[in-house]
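Residue numbers (the working numbering), protein chains in the order written: chain A, 41 to 176; chain B, 45 to 346.
Positions of the beta carbon are idealized from the N, C-alpha and C atoms, including for glycine.
In this text the structure is predicted, and so the values were computed from the model without any measurement.
These notes are about the structure you will find just below.
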Amino acid sequence: MDNPLPLRIVLAKVGLDGHDRGVKVVTRALRDAGFHVIYPGLWQSPEAVIRTVADEDADWLGISLLSGTHMTLVPRIIELLRAAGLRHVGVLVGGIIPEADVPKLLDLGVARVFGPGTPLPEIVAFLRSEGSRTHA
Amino acid sequence: MLDELLSRFYAHDRLALARVLTLISRGEQLDALRAGLLPKKEHARVVAITGNAGVGKSTLVGKLAELLRVKGKTVAVLACDPQSPLTGGAVLGDRVRMPSRPEDPGLYIRSLAATSGHQAVAEHIDLMIRALAEFGFDLILLETVGAGQGDTAVRELADIVVLLVQPESGDELQWEKAGLLEVADVVVVHKADLAGAERTQSQVKELLSLPGCRDVSVLRVSSAKGEGLDELWSAISALPTRHPVTDSDAQFLLRRAQQVLAERFRDRTGDVTPVVDRWKRQELDEVQATDALLHMLIQQSR
């Protein structure tokens, strides 16, 4: 096996956002790159996402948002992650994020924001270079 | 570091449980974990849910978990999905069909990748089951990959094996006869809201009434309509806990020794080269070389 210790990544759709094409494409790309992707489905609450990340012992959380709710939901998720003792979990955001909001999200502690048209190998390369902050 | 993790585990820290399961799934510190997780609690009931892909295993596990929470039982789910033999990657999507109860400490769901070529469940799942039992869950629902023959191995892990078939399986059932039907304690004709469920139910009953077959209940369940779930749980609860692999069982110990030996061979390939070289130079014959390897691995322990 190329990847004896595959990173575990939760990819989540949060809130009332039904646009899941993007997250599914990324799911497949990460699987094909040898990652273990946990996909809990649409319409997750921030609390449900935290529970999934905790129980699955994920290394990374990728949040896909195309509904314009990122400045509400991402801060909430990050706050809950910290409260749950999951500070070590890296957070990525993907979807439709206006450029002006990107620095704000990074300030909150998001590791990277991947907008539309991001080449999939870029996401893969980023995760490979970062690795796990959990199981260092 | 493991001591600290285990003391957090025994202090009922859910994150410690999650990490223990990760270590087990990665095959790390298995000997120490086995020693640290010696069974102290009463045996949790392990129910395996098996059946072909698309028959509705995740959905039924989800419904069953919900029902059991209503009945006040704490439930842990181990949901296995296949892992790519080429890249090692996996999409673990069973949570999509499972209940989301973020505030409920009595439900734990863990998605696992099963290596292809192995059984229908993830590696070292016996130790994961033990960890979940030690953490205090009443019931452990084990969802297999649904890969057919290999699923018979779950019999060794579970107290009760529930086999799912769907209506209009037709000739498929004949094929099932040789393998899975033999290990099933309960057969569920799932998706019973679809046409043909009754006929499939009687076909299965007929197959199971052949001489030499055990007495197995065959039930119709519709997760979509929420019908038959209570009956399924009654059938499961009525069965005796099999304790299939008890820790006082000689078979258990032999199997464990085999497993440990296999792990040592896999993890320490570097150390075997001197023996292999002597064998290549024909200083040792095959029997001597294997003996030498076994001795070496036994010496290396701890």
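Of the residues assessed, B:ALA157 falls on the buried side of the cut-off, its CB having 16 or more other CB atoms within 10 angstroms. Within chain A, no C-beta atom comes nearer than 9 Å to that of B:PRO143; the closest sits roughly 10 Å away. CA-CA distance, B:VAL189 to A:PRO143, rounds to 42 Å.
What B:LEU59 touches in chain A, judged by beta-carbon distance under 7 Å, is ALA94, GLY125, going in chain order. Proximity of the segment 237-254 of chain B to the segment 126-137 of chain B falls short of the contact definition, fewer than three beta-carbon pairs being nearer than 8 Å. A:ARG127 and B:ARG174 have their C-alpha atoms roughly 28 Å apart. Against chain A, a Cβ distance below 9 Å from B:LEU136 picks out ARG48, HIS76, VAL77, ILE78, TYR79, GLU96.
In the DSSP assignment, B:TYR152 forms a beta bridge with B:ALA120. For the options A:TRP83, A:GLU119, A:GLY125, A:ILE103, the alpha carbon positioned closest to that of A:LEU56 is the one of A:TRP83. When 8 Å is used as the limit between beta carbons, A:THR67 is near these residues of chain B: VAL135, in chain order.
Approximately 4 Å separates the beta-carbon atoms of A:GLY74 and B:GLY133; this is inside 8 Å, confirming the contact.
Among the residues facing chain B, A:ILE90 is included, as its CB has a counterpart in that chain under 8 Å away.
Put simply, the backbone Cα of B:ILE93 is about 13 Å away from that of B:VAL233. Counting only Cβ-Cβ distances below 9 Å, A:LEU45 has contacts in chain B at ARG70, GLU72, in chain order. Taking a Cβ-Cβ threshold of 8 Å, none of the residues of chain A is close to B:VAL165; the smallest such distance is about 16 Å. Between A:ALA88 and B:PRO146, the gap from beta carbon to beta carbon is short of 8 Å.
Sequence-distant partners of B:GLY270 (beyond 5 residues in either direction) whose C-beta falls short of 8 Å from its own C-beta, in its chain, are LYS107.
Ranked by Cα distance from B:ALA79, the options B:ARG63, B:ASP229, B:LEU171 are led by B:LEU171. Using a Cβ-Cβ distance cut-off of 8 Å, the segment 58-67 of chain B and the segment 88-99 of chain A are in contact, since at least three pairs of beta carbons, one from each stretch, lie closer than that value. Between B:LEU337 and B:VAL319, the C-beta spacing is below 8 Å. A straight-line Cα-Cα distance of about 36 Å links A:ILE136 and B:LEU67. Between A:ARG71 and chain B, the shortest Cβ-Cβ separation is below 8 Å. For B:ILE169, not one C-beta of chain A is nearer than 8 Å to its own C-beta. Between B:VAL121 and B:LEU185, the C-beta spacing is below 8 Å. The DSSP-derived three-state label of B:THR94 is strand. Secondary structure within the segment 120-153 of chain A: the beta strand (DSSP E) runs of 3 or more consecutive residues, fully enclosed, are 130-135 (chain order).
Counting only Cβ-Cβ distances below 9 Å, A:SER85 has contacts in chain B at SER144, PRO146, in chain order. Rounded to the nearest whole angstrom, the C-alpha separation of B:LEU297 and B:ALA97 is 33 Å. When rounded, the separation of the alpha-carbon atoms in B:LEU183 and B:MET142 is 16 Å.
Between B:VAL227 and B:VAL248, the gap from beta carbon to beta carbon reaches 8 Å or more. For the options B:ALA109, B:GLY150, B:SER253, the alpha carbon positioned closest to that of B:TRP277 is the one of B:ALA109.
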